[in-house]
Ligand code: ADP
Ligand code: ZN
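Structure below.
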């Protein structure tokens, strides 16, 4: 194990093992078999990577996710590990080169697709190589009951027969008992040590709210802008149409967003995936297919604009957030239409009665999760058989306990209105009757003559929607089988109508809800320091450059946590970098100096040293301008923009990071130019001949004397923005 710790630090740059990692690694290093169940992001990879490095020979990793292989191998190579993969994307020569390395003992890790591994040719090759271990990733693929069943996985038992003395480790994030047993039997791992980690993902904050259609979108927008203005995330919708509309809507609001669904051509889908991996600030709006096999650790939020199909699906989809362990959000909004539609699908599906019953139960469990008023995490874990004794403090219900009221009276009015109108109408119509609206259709049906007409006038439309949704969720109402959205009473409704039972419900919030307590800083940092935020932004740009040069995603260079630590500790030497999480020897030698150079101007301004004021990087937005002058005579907000520019950010990047318009940033530049701190040519991003053209126009219009930019602006038909003109004029003054 000493060796394992040494590898953990030197290669991966981590200080300590997570729960279960040490025990699993020890088992495998000592030649034992293991079955490891850990949630997504739990750290499964190290469980076989470290033993492969410690034991003699090559670790063979079976993985079904081809897209992921490239990624994992790139990440390992970055860390200085001799890793390779074999799959169908390689041509013959490349394959032979890898095979040669394997047999020659030149590989620490080799990733192989399952169908290839069981080919006789491959087995023969393995027989000639020295093998450290076999790791079977995503081992639940062996289960024919699961949704990821792959028949090739069943053939992997051959490994036990052909290589009885080589340790095998199976890993999965699928929790349930039946799958676990199937893995053990199908892979001949009955004797393996079992390790079951908690399925809690404490860094994910669960938030579920009610809203359908366009109001759900508005809520999503509010959520993204307040919590994740410059983060990557995934938003799931049920239909392709909703995916495309939502992506277009977000784009229209100025957010970088792309649509992804199975109906798009393969090359478009590939591009979307690649961009998602490579970019820092991109929202993917997708049907559930997106995310499978995408191992991006810094997805900061997963949103749902509809209910998923089950708690398992919800857990899996939300689990794609925050794999790196940093704060992340699982956010969902759903409405009455979702409930009705999903129930509808079950009824209409051509599965057996038994199948439908199971599906109904699963949906009800999910609805229960949505409507509950207690800790959501407790309920989620309980569903997977895990007891958590204390409320979590990191879900919406814990942070902002909902108010419940006695809704019996409201419920009875709502149910009688459904009954009196003949169970032939949807929520809109019935609400209108309750509200006493003299709509044409209502009058034609003589429903304005009913006793229920107008008995709900004291409430608003929104409240009635909430009542109908909660009654539907609780099973008192259901949709019609044809899917017209007609509300029908169920047997449960009768005692409530007769006044024999009571109905407690969540108070329906009027207007927009107040923001939850205990909100975090939008950025992953959580330190709340303006200083660290801009430095973090600078480091993010540095990382993004390194990643472009190395042709790998930014998180392969290092994780956000590493940047946070760099921004906080601001190391000054290569040896100090060893104390930064995630920087092992190989990365320090490759990128260490670049990070040190980026940090150099900010040293001596470390966070602990609060008394020392270095003007440019402090929080500037919140303070009034007059006293916010720095030593160079410019305001702090101007300095903050200049600082980011000096770090190499483009105008658009600075505008995005600081939440200002590009014209404002150009205005800051103009002040800097006027004060002689930079030159216009360096920052307006124009060609020399364009600058000449503008200067000539200034002369022609007497701009220097008048100081008025309007005439020149219109002379060019607005081709050059006021900001750009201002910068050039500043240089002349
Ligand atoms: P899984 O495969 O279980 O979803 P990964 O193996 O991808 O999870 O690990 C999730 C993240 O946690 C990775 O970014 C990994 O680098 C990080 N990680 C794993 N083990 C440790 C550890 N002991 N200390 C710090 N970070 C770790
Ligand atoms: Zn909670």
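In the numbering used here, the protein residues as written are 41 to 773.
Glycine included, every Cβ here is placed at the ideal spot set by N, Cα and C.
Because the structure is a prediction, the values reported are computed rather than measured.
When DSSP reads this structure, residue 527 sits in a beta bridge with 519. Annotation for residue 717: no alpha helix (DSSP H) segment contains it, and DSSP assigns it neither H nor E. Its chain contains 119, 120 as the residues whose beta carbon lies nearer than 6 Å to that of residue 626, once the 5 sequence neighbours on both sides are disregarded; these appear in chain order. Scanning the stretch 378 to 459 for uninterrupted beta strand (DSSP E) segments of 3 residues or longer gives 444 to 446, listed from N- to C-terminal end. In terms of side-chain proximity, the C-beta atom of residue 57 is found nearer than 7 Å to a non-hydrogen atom of ligand 1. For residue 425, the closest of 534, 580, 590, 218 by C-alpha to C-alpha distance is 218.
Sorted by chain position, residues whose beta-carbon lies closer than 5 Å to a non-hydrogen atom of ligand 2 are 415, 417, 431, 432, 435, 438. At least 8 Å separates the beta-carbon of residue 92 from that of residue 166. Between the stretch 218 to 232 and the stretch 172 to 191, the count of C-beta pairs closer than 8 Å reaches three or more; the two stretches touch.
The criterion of a C-beta distance shorter than 8 Å is not satisfied by residue 175 and residue 231. For the options 171, 131, 128, 117, the alpha carbon positioned closest to that of residue 142 is the one of 171. Per DSSP, the beta bridge partners of residue 250 are 374. Annotation: residue 457 to residue 260 spans about 32 Å, alpha carbon to alpha carbon. Residue side-chain check: residue 41 keeps its Cβ at 7 Å or more from all non-hydrogen atoms of ligand 1. Scanning its chain for C-beta atoms nearer than 8 Å, with the 5 sequence neighbours on each side dropped, one finds around residue 738 the residues 744, 752, 768, 769, 772, in chain order. Take the alpha-carbon of residue 597 and the one of residue 342: they are about 23 Å apart. Taking the CA atoms as reference points, residue 590 sits about 20 Å from residue 687. Annotated three-state conformation of residue 45 is helix, per DSSP. Placement of the Cβ of residue 92 at a distance of 7 Å or more from every heavy atom of ligand 1 is found. When 416, 376, 236 are compared, the shortest CA-CA separation from residue 77 is found for 236.
Look at the stretch 168 to 195 and you find these whole runs of alpha helix (DSSP H), each 4 residues long or longer: 191 to 194.
Among the bridge pairs identified by DSSP, residue 235 is matched with 76. For residue 139, same chain residues with a beta-carbon under 7 Å away, outside a window of 5 residues either side, are 165 in chain order.
In this structure, the CA atom of residue 47 is about 23 Å from the CA atom of residue 593. Counting of Cβ neighbours within 10 angstroms places residue 305 among the exposed residues, the total staying below 16. Within its own chain, the residues whose Cβ lies closer than 7 Å to the Cβ of residue 354, once the five positions on either side in sequence are excluded, are 348, 406, listed in chain order. Approximately 4 Å separates the beta-carbon atoms of residue 710 and residue 766; this is inside 8 Å, confirming the contact.
Put simply, of 713, 680, 717 the residue whose alpha carbon is nearest the alpha carbon of residue 700 is 680.
Taking all protein chains shown into account, residue 535 has fewer than 16 neighbouring C-beta atoms within 10 Å of its C-beta and is therefore exposed. In the structure shown, residue 742 falls within a coil segment according to DSSP collapsed to helix, strand and coil.
Taking 7 Å as the cut-off, one finds at least one heavy atom of ligand 1 near enough to the beta carbon of residue 86. Within the same chain, and ignoring the five residues on either side of residue 153 in sequence, the residues whose Cβ sits closer than 6 Å to its Cβ are 127.
With at least 16 other beta carbons inside 10 angstroms of its own, residue 274 counts as buried.
Counting C-beta atoms within 10 angstroms of its own C-beta, residue 599 has 16 or more neighbours from the protein chains shown and is therefore classed as buried.
Within 7 Å of the C-beta of residue 355 there is not a single heavy atom belonging to ligand 1.
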